[in-house]
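See below for the structure under consideration.
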Amino acid sequence: MSVVGLYVPGAGPLYRVAAGPKLLALLVLGMVLIAAANLWAALATLFLALVLYPVADLGARRAWGVLRALWPFLLAIGVFQALFVGEWTEGVRLCAQLAGLVLLANAITLSTRVGEMLDLFERMARPLRHVGVRPDRVALVLALTIRSIPMVATAWSAARDGYRARGLRGRPYLLVVPVIVHLLRMAEATGEALVARGIDEDTSAASAGRP
Amino acid sequence: MLRIEGVSHSYDDRAVLRGVTLDLAEHRIGVIGANGSGKSTLARTLNGLVLPDEGRVSLGEWDTRRHARHIRRSVGFVFSDAANQIIMPTVAEDVEIGLRSLRLGRAETARRVDEILVRHGLDGHRDHPGHLLSGGQKQLLALASILVTEPDVLVCDEPTTLLDLRNTRMVHRTLDGLQQQVVLFTHDLDLLADFDRVLVMDEGRVVFDGVPADAIAFYTKLMDDGPTPGRTS
Numbered sequence: 031m032s033v034v035g036l037y038v039p040g041a042g043p044l045y046r047v048a049a050g051p052k053l054l055a056l057l058v059l060g061m062v063l064i065a066a067a068n069l070w071a072a073l074a075t076l077f078l079a080l081v082l083y084p085v086a087d088l089g090a091r092r093a094w095g096v097l098r099a100l101w102p103f104l105l106a107i108g109v110f111q112a113l114f115v116g117e118w119t120e121g122v123r124l125c126a127q128l129a130g131l132v133l134l135a136n137a138i139t140l141s142t143r144v145g146e147m148l149d150l151f152e153r154m155a156r157p158l159r160h161v162g163v164r165p166d167r168v169a170l171v172l173a174l175t176i177r178s179i180p181m182v183a184t185a186w187s188a189a190r191d192g193y194r195a196r197g198l199r200g201r202p203y204l205l206v207v208p209v210i211v212h213l214l215r216m217a218e219a220t221g222e223a224l225v226a227r228g229i230d231e232d233t234s235a236a237s238a239g240r241p
Numbered sequence: 012m013l014r015i016e017g018v019s020h021s022y023d024d025r026a027v028l029r030g031v032t033l034d035l036a037e038h039r040i041g042v043i044g045a046n047g048s049g050k051s052t053l054a055r056t057l058n059g060l061v062l063p064d065e066g067r068v069s070l071g072e073w074d075t076r077r078h079a080r081h082i083r084r085s086v087g088f089v090f091s092d093a094a095n096q097i098i099m100p101t102v103a104e105d106v107e108i109g110l111r112s113l114r115l116g117r118a119e120t121a122r123r124v125d126e127i128l129v130r131h132g133l134d135g136h137r138d139h140p141g142h143l144l145s146g147g148q149k150q151l152l153a154l155a156s157i158l159v160t161e162p163d164v165l166v167c168d169e170p171t172t173l174l175d176l177r178n179t180r181m182v183h184r185t186l187d188g189l190q191q192q193v194v195l196f197t198h199d200l201d202l203l204a205d206f207d208r209v210l211v212m213d214e215g216r217v218v219f220d221g222v223p224a225d226a227i228a229f230y231t232k233l234m235d236d237g238p239t240p241g242r243t244s
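First to last, the protein sequences are chains A and B.
With my numbering applied, the first sequence covers 31 to 241.
With my numbering applied, the second sequence covers 12 to 244.
Below you can see the structure in the form of structure tokens.
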């Protein structure tokens, strides 16, 4: 599994559905849940989302991982509703609705290749051509945004190792400059690789930068 | 054939290439030289990543200044740090993205991706995150991502610098088996033993041009004679 929570290889039923219908179904379900504002509908969605993980070959542990990351927010929402609004059922509904929709969105991300998702976004961005936006660039920016997550982690890890190796303690702000420098270098190298691979086809002005 | 004619280039007031003229016709060409000798800049001029201040670099009728798109499709480039060359989250997607601009259609794209992954032993990793591969596998992925576009020439800028001996040999074997012309810029002299031609660079000039054994002997003596004053990196 990717450290950025992206595609996980599998063969369950969710893998056989194209990205567009999956996202559309999630959008419609979200709108219906918000419009209906019904406790039982929200609980049913959460139940279905939890059942979907093992059925879709994603594993129940991944669902648990999502809930573990979400629980502080769910707790805060539930407590706020109970204490300040006085409607504990409303708190339960909101928490179930939020958890259910996040679980479903995560299931879509896990079962859809990034390339397929980018194709979809590229198609969705096509109407923007009329106002000068290049759909392929929109898809590329999304891909690079996803790619940059492990890059930031690498830069942080390298800077922290250097910080510790020099025996520094208690001054974490010293990591900021090396992390930024590292990220700028990575960004420059990635930009150069994009041009070298012909992915950035706007090649009228080549880099005159240092190797 | 790659042709370099009177190429000079500077960064600010530091000259890194000084009137280099070469015809690169052989199947395997190695380029060696100390840090700061101008190797990386020369490598980058070959596919238009760097446009020289003076002179011209061309492949057949195409010029890096005027036909950048054609040049980049014909001259593949592999960097020393493969991690920066990986763009997409998974191995197969990273190989595939280089084919998008060729507009080959889904079936042909999938066929090429499958073929190149199998050929380079990466088919078992196709859905794995590229940045989690080992150093050698990352470099193989970088090579596969370039080779899938079927360039005529492959320029490698120190592709084994960050690799251990086993992975260096793996990359060496891969380069050995290629049909494409290979121009290899390296500090690893062992890689060049069976090359057709080796160039030695020093202070922005080609100071030796010959068979590997003679070039390596010349370079070794050059290094033994001591560092050139003013080298900065």
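Cβ atoms here follow ideal geometry from the backbone N, Cα and C, with glycine treated the same way.
The structure displayed is predicted, hence computed values, not measured ones.
Host alpha helix (DSSP H) of residue i (start-end)
| i | result |
| --- | --- |
| A:Tyr193 | Pro165 to Ala195 |
| B:Val182 | Leu176 to Asp187 |
| A:Met216 | Val206 to Ala226 |
| B:Arg67 | Segment Glu65 to Leu70 is the beta strand (DSSP E) holding B:Arg67; no alpha helix (DSSP H) there. |
| B:Gly109 | Val102 to Arg111 |
| A:Tyr83 | Leu69 to Val85 |
| A:Leu104 | Ala90 to Phe110 |
| B:Ala153 | Gly146 to Leu158 |
| A:Leu198 | Per DSSP, A:Leu198 belongs to no alpha helix (DSSP H) and is neither H nor E. |
Rounded Cβ spacing between residue i and residue j (contact assumed at less than 8 Å)
| i | j | result |
| --- | --- | --- |
| B:Tyr230 | B:Val211 | 5 Å |
| B:Leu133 | B:Leu152 | 6 Å |
| A:Leu172 | A:Leu150 | In fact, because the Cβ distance is near 10 Å, the residues do not count as touching under 8 Å. |
| A:Lys52 | A:Ile176 | Contact flag wrong, Cβ pair sits at about 18 Å. |
| B:Cys167 | B:Leu128 | Actually they are not in contact, since the Cβ atoms of B:Cys167 and B:Leu128 sit about 20 Å apart, beyond 8 Å. |
| B:Gln106 | B:Val42 | A small correction: the amino acid at residue 106 of chain B is Val; Gln does not occupy that position in the sequence shown. Contact doesn't hold; Cβ gap of about 27 Å is too wide. |
| B:Val68 | B:Ile157 | With a Cβ gap of about 19 Å, B:Val68 and B:Ile157 do not count as contacting. |
| B:Leu33 | B:Met12 | About 10 Å; that fails the 8 Å criterion. |
| B:Asn95 | A:Thr184 | The Cβ separation is near 10 Å, so there is no contact. |
Reduced DSSP category for residue i - H, G, I as helix; E, B as strand; rest coil
| i | result |
| --- | --- |
| A:Ser32 | Reliability of the predicted coordinates at A:Ser32 is poor, the pLDDT of 43 falling under 50, and the value obtained from them is presented with this limitation in mind. In this structure, A:Ser32 counts as coil in the three-state DSSP scheme. |
| B:Pro140 | strand |
| B:Val27 | strand |
| B:Tyr230 | helix |
| B:Asp134 | helix |
| A:Val38 | coil |
| B:Val61 | coil |
| A:Ile229 | coil |
| A:Val133 | Note that residue 133 of chain A corresponds to Leu in the displayed sequence, not to Val. Helix, per DSSP. |
| B:Thr245 | Nothing about residue 245 of chain B can be read from this structure; chain B reaches only from 12 to 244. |
| B:Asp74 | strand |
| A:Glu117 | coil |
| A:Pro157 | helix |
| B:Thr172 | coil |
| B:Thr120 | helix |
| A:Phe151 | helix |
| B:Ser48 | coil |
| A:Val47 | coil |
| A:Met61 | helix |
| B:Ala204 | coil |
| B:Asp236 | coil |
| B:His81 | helix |
| A:Gly145 | helix |
| A:Gly239 | Because the pLDDT of A:Gly239 is 44, which lies under 50, any placement of that residue in the model is unreliable, and the question is left without a value. |
Proximity test, Cβ basis, 8 Å: residue i and chain C
| i | result |
| --- | --- |
| A:Arg143 | This model lacks chain C altogether; the protein chains it does include are A and B. |
Bridge partners - residue i, DSSP secondary structure assignment
| i | result |
| --- | --- |
| A:Ala55 | None; A:Ala55 has no bridge partner. |
| B:Gln192 | B:Val164 |
| B:Phe219 | B:Val211 |
| B:Gly87 | B:Leu165 |
Own chain, CB closer than 6 Å to residue i, minus 5 neighbours either side, in chain order
| i | result |
| --- | --- |
| B:Leu165 | Gly87, Gln191 and Val193 |
| A:Arg143 | Tyr37 |
| B:His131 | Leu151 and Ala155 |
| A:Ala79 | Gly130, Leu133 and Leu134 |
| A:Leu76 | Ala126, Ala129 and Gly130 |
| B:Gly141 | Ile97, Val102, Asp105 and Leu152 |
Contacts around residue i, its chain only, beta-carbon distance under 8 Å, and the 5 residues preceding and following it disregarded
| i | result |
| --- | --- |
| B:Pro162 | Arg84, Ser85, Val86, Gly87 and Gln191 |
| B:Gly109 | Ser156, Ile157, Val159 and Thr160 |
| A:Val163 | Ala155 |
Close-in-space but distant-in-sequence residues of the same chain around residue i (CB under 7 Å, 5 per side omitted)
| i | result |
| --- | --- |
| B:Pro63 | Val18, Ser19, His20, Leu28 and Thr56 |
| B:Thr179 | Thr171 and Asp199 |
| A:Gly89 | Tyr83 |
| B:Asp92 | Leu173 |
| A:Arg92 | Tyr83 and Leu140 |
| A:His212 | Ala185, Ala188 and Ala189 |
Range covered by the beta strand (DSSP E) that runs through residue i
| i | result |
| --- | --- |
| B:Tyr22 | Leu13 to Tyr22 |
| B:Arg39 | Arg39 to Gly44 |
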